[in-house]
Structure formats: C-alpha cells, structure tokens
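One structure is given here, and the rest of the page talks about it.
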Amino acid sequence: MRFEQVLGQSELKQMITSSLQEDRLAHSFILLGPAGYGALPLALATAQFLLCKNRSETDACGECSSCHKAANYIHPDLHFSFPTIKPKGSKPVTSLDWMKEWRSFLHKNPYANIHEWLIDLGGDNKQGNITRDECVRIVKTLGLKSFESEYKIQLIWMAEYLAKEGNRLLKLIEEPPPGTVFILMAEQEQKVLNTILSRCQILRTTPINDADIKEHLRKLETPDDDLDRIVRIAKGDVNLAIQLTSAEGLFGADMWLKWLRVLYKKNPLEMVDFSDEFARLGRESQKAFLTYGLHFLHEMVRQQSHPGLQPNLPKVESVAMVKISQMLSLNHTFQAIALLEKSIYHLERYANTKVLMLDNSIRLSKFFDINKEGQDASQKKMNV
Ligand SMILES: [Zn+2]
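For what it's worth, the numbering used here labels the leading residue of the sequence shown as 321, then goes sequentially.
Here it is, written out as structure tokens:
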C-alpha cells in the first residue's frame, strides 16, 4: 500500500517521510487510535515506503519488486505480529500459523477491527492473544540479517494484546538492531504496557474527513443516498462507515423510532415482538441499528445540554429527538448510551440477541416513567 492510498492522516505521512529524509526516523513508534482511523494502512504504507527500491521523497514507487512484495504482504523483510487464537487441541501457535488468513484480512479491509479479525479466525468469542511463543519468534527473527532490503520491519498490530509477554521485547524495542524498525499499533493506550509506551515515539491518528470517507464508500459502490447519513454517524471512522454500508435497510431509522415508541408504551408483548424482529436482523444490521441509536442519543445529549442547537440528524428524526429530549433527564440519556455501548460489546461476542434486546427494552422503558421535572411522563402525549 502506498501513502497515496491511505485515507487522511496527512500530518503523520508528512512527518514520517520527512523524518526519513532527515535521517531521524524513530526506530520504534506506536500508532494510537481506533482501527477505523487507519493505523494499519498507515503502518503498511510506511513499511512499503521503507522497503521500496525507488522511492520518491514522499511515497513508494509502487512498481519495483519490493513494492510488489510489500503490497502483497509477502516481503521477506516485513514481519507481522497480531493477536491469534489457539484452536482446541493444537500446539501453541504464532502469527505465522495464521498468515494466510491475515493476508486475506488485509486485502479485504485493512481498516477492520480486532473483533472482525477474531471472527475470521474462529467465528466466536475466543479471546485473542499475542502469545509468548510469538514474542520468542519476534526476538529470533529480528536477530537474523535482513534478506533483501536495507530495512527490516516488524509490525505489531493491537499491541494491547501483548500483555506481560511484551516485556520480552523491551530491549529490542528500545534499541533495535541496525536497520530494524518497529511499528506498533493500538486502539487503547491505557491497555498497552507502560514499559512499551515509554520506549516508543507516540503518534496519534486522527478522524478521517467526510469527503475522503465518501470517496472510499463510492468505490465500494454504496448508494449515493446513504452517503451523507453514513458519514454523519461514522464521525471519521472508515471501518464504522463500511460496517454501516453492509447493514441492509436500516437507514430510514424507522426501526429506531419504532423502538422508542415501544419503550414509551411499555407494552410487554410489543417489547417481545420487537426483540424478535431485532434478532432476525443480520449481525451487521444489529450493530448498525445500535450504532445509529448511539448517534441519536449523543445528539440528544447535545440538545439537552444546549437546547436550541441544530441537531445533526435528518428532519423527521430531529423532531422526534427534540421531543424525547424533553422527556428524559440528561442522566438517563447517559445511562442509555452506556447500555447501548455495552450491547454492541456483547453483540461482537455473540450474545443471545433476543434476550439482550428484551433486557434493554425493559431497562430503557423505565426511563420514561419519570421526566426530568419528576412528573409522570405518560401524562405528556408522545407523538414521534
Ligand atoms: Zn517501489
């Protein structure tokens, strides 16, 4: 992948290329940010830039043999480490055992996240790990001479999965052998070992602008009608935008408004019916539904704390949101947000969706009992 193909992140690209020009490129750096901001594509482009035999000041050539190998993730001086799972009864595994799956994951969507990767590996909620054996392998591999390039590059994706085993790599990360560059990536800075963070230059990725995301989605043949709505919800996260495009028929948001009506009416049979309807959606659509709900609730927080602000929602949904924002307290809105975030977490781990949604309905419907003035909200007519 060339820098040109990486969405956004122009400051980081510029910083990386100019520091190589000036011979002050850090030996070890860590890219921090959500997967959907593109830390992995940026790391892949940096690797190809370093390996290219004919690079310009700002990008790899894309045509030399090194570029071809790097672009196909088969360059012998480009090493990958990432969380893996150990199939039942197998010997301990390293990233090498999953290279075929990894390459196809990168070809499919390098903005994808760890949950999507773990599903590719096992299809269930197995916990991934960068194992002790993997760390031993890294130390061994980097001890060897490079094969054909002046650089040897070690990518470690989702460095928060290194856990204590990461301490085996400290010496190498602090002072890699000549020509060796470590590029780590992580989403949750607080979960990365401090001993590792302190030895890396820290680079933070930033949200990708709407125009770039739209352009990318157009290439994936997303209907133009959906684009504005998707980028509005995705807030700079390309992967989220891609997930939203693969959800069928969500974007009328009709279903979300329907759920709010069910919650308001608190009819148990309707709640059960709604959970059944939700459970029949595909996994991506379920996530998209909840993600849309989060966007709606975040807009509601803005509205509740600054009444009169122009909501970042289409007209019909705006009207509904403003009405509901007057019925719930700010505190309840925050609780609803926490509940939906937790639901997305559970969905990614294959929870029982029917039970999950019914439970959400029961909890959230209680918020409609008392409005923020302490009056019985059911006296107010809700008409969304
Ligand atoms: Zn090249």
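Positions of the beta carbon are idealized from the N, C-alpha and C atoms, including for glycine.
{"Asked": "Judging by CA-CA distance, which residue of Tyr393, Ala483, Asp544 is the nearest neighbour of Cys455?", "Found": "Ala483"}
{"Asked": "Between Val621 and Leu650, how many whole angstroms is the CB-CB distance? I'm expecting something under 8 angstroms.", "Found": "7 angstroms"}
{"Asked": "Would you decide whether Ser415 is buried or exposed? Buried here means 16 or more other CB atoms lie within 10 Å of its CB.", "Found": "buried"}
{"Asked": "Tell me whether Lys373, by its Cβ, gets closer than 7 angstroms to a heavy atom of ligand 1.", "Found": "yes"}
{"Asked": "Could you check if Gly382 belongs to the surroundings of ligand 1, using beta carbon to heavy atom distance under 7 angstroms?", "Found": "yes"}
{"Asked": "Compare the Cα-Cα distances from Ser283 to each of Pro430, Glu383, Ala479 and report the closest residue.", "Found": "Residue 283 is absent from the model: the chain starts at 321 and stops at 704."}
{"Asked": "Are the beta-carbon atoms of Thr525 and Ala359 separated by less than 8 angstroms?", "Found": "yes"}
{"Asked": "Ile533 and Val551 - do their beta-carbons sit closer together than 8 angstroms?", "Found": "yes"}
{"Asked": "So, under 8 angstroms CB-CB, Leu462 and Thr500 are touching, yes? Tell me the CB distance rounded to an integer number of Å.", "Found": "6 angstroms"}
{"Asked": "Return the first residue and the last residue of the alpha helix (DSSP H) that Ala506 is part of.", "Found": "Where Ala506 is concerned, there is no enclosing alpha helix (DSSP H), although the beta strand (DSSP E) it sits in stretches over 500–506."}
{"Asked": "May I ask whether a heavy atom of ligand 1 can be found less than 7 angstroms away from the beta carbon of Ser386?", "Found": "yes"}
{"Asked": "Between Lys406 and the rest of its own chain, which residues show a CB-CB distance below 7 angstroms, the 5 nearest in sequence each way excluded?", "Found": "Pro412, Val413"}
{"Asked": "Just the Cα atoms here: how many angstroms apart are Ser376 and Ala365?", "Found": "13 angstroms"}
{"Asked": "Could you check if Ile394 is buried or exposed, using at least 16 other CB atoms within 10 Å of its CB as the buried criterion?", "Found": "exposed"}
{"Asked": "Whole-angstrom Cβ separation of Leu560 and Gly356, contact assumed at under 8 angstroms?", "Found": "5 angstroms"}
{"Asked": "Please decide whether Val582 counts as near chain B, where near means a Cβ-Cβ distance under 8 angstroms.", "Found": "Of the chains in the structure shown, none is chain B; there is only one protein chain."}
{"Asked": "On the CB-based measure, 16 or more other CB atoms within 10 Å of its CB, does His399 come out buried or exposed?", "Found": "buried"}
{"Asked": "Alpha carbon to alpha carbon, how far is Asn529 from Asn703? Give it in angstroms, no decimals.", "Found": "Summary for Asn703: the model assigns pLDDT 49, below 50, so the residue's position carries little reliability, and this model does not support an answer."}
{"Asked": "Looking at the structure shown, is Phe400 part of a helix, part of a strand, or coil, going by DSSP?", "Found": "strand"}
{"Asked": "Tell me whether Lys408 sits in a helix, a strand or coil according to DSSP, three-state version.", "Found": "coil"}
{"Asked": "For Gln521, which three-state DSSP category applies?", "Found": "strand"}
{"Asked": "Let's see if you can read the secondary structure: which residues bound the beta strand (DSSP E) around Ser348?", "Found": "348–352"}
{"Asked": "Using CA atoms only, rank isn't needed, just tell me which of Ala363, Glu342, Arg344, Asp343 is closest to Leu352.", "Found": "Ala363"}
{"Asked": "Return helix, strand or coil for Arg322, following the three-state DSSP convention.", "Found": "coil"}
{"Asked": "Is there contact between the segment 636–648 and the segment 538–551, where contact requires at least three CB pairs shorter than 8 angstroms?", "Found": "no"}
{"Asked": "Do Ile322 and Asp379 have their C-beta atoms closer together than 8 angstroms?", "Found": "The identity of residue 322 in the sequence shown is Arg, whereas the question assumes Ile. Cβ distance < 8 angstroms, so Arg322 and Asp379 count as in contact."}
{"Asked": "Going straight from the alpha carbon of Ala531 to that of Glu604, what length do you get?", "Found": "24 angstroms"}
{"Asked": "Nearest to Met419 by alpha carbon, out of Asn392, Asp557, Met335, Ala432?", "Found": "Asn392"}
{"Asked": "Assuming Thr404 and Asn374 form a contact by the criterion Cβ under 8 angstroms, report the distance between their Cβ atoms to the nearest whole angstrom.", "Found": "Wrong, their Cβ atoms sit about 34 angstroms apart, outside the cutoff."}
{"Asked": "Which residues in the same chain as His615 place their Cβ atom closer than 6 angstroms to its Cβ, once the five residues preceding and following it in sequence are excluded?", "Found": "Ile553"}
{"Asked": "Just to confirm before moving on: does the CB-CB distance between Ser595 and Leu678 stay below 8 angstroms?", "Found": "yes"}
{"Asked": "Considering Ile476, what are the terminal residues of the alpha helix (DSSP H) in which it resides?", "Found": "Taken as a continuous stretch (DSSP letters only), Ile476 belongs to no alpha helix (DSSP H), being part of the beta strand (DSSP E) at 472–476."}
{"Asked": "Within 10 angstroms of its Cβ, does Lys584 collect 16 or more other Cβ (buried), or is it exposed?", "Found": "With the sequence shown as reference, residue 584 is identified as Tyr, and Lys is not the correct amino acid for it. It counts as buried."}
{"Asked": "Candidates Leu660, Arg538, Ile458: which alpha carbon is nearest Tyr612's?", "Found": "Leu660"}
{"Asked": "Would you kindly report the start and end of the unbroken alpha helix (DSSP H) that includes Leu684?", "Found": "673–686"}
{"Asked": "Cβ atoms of Tyr431 and Val512: under 8 angstroms apart, would you say?", "Found": "no"}
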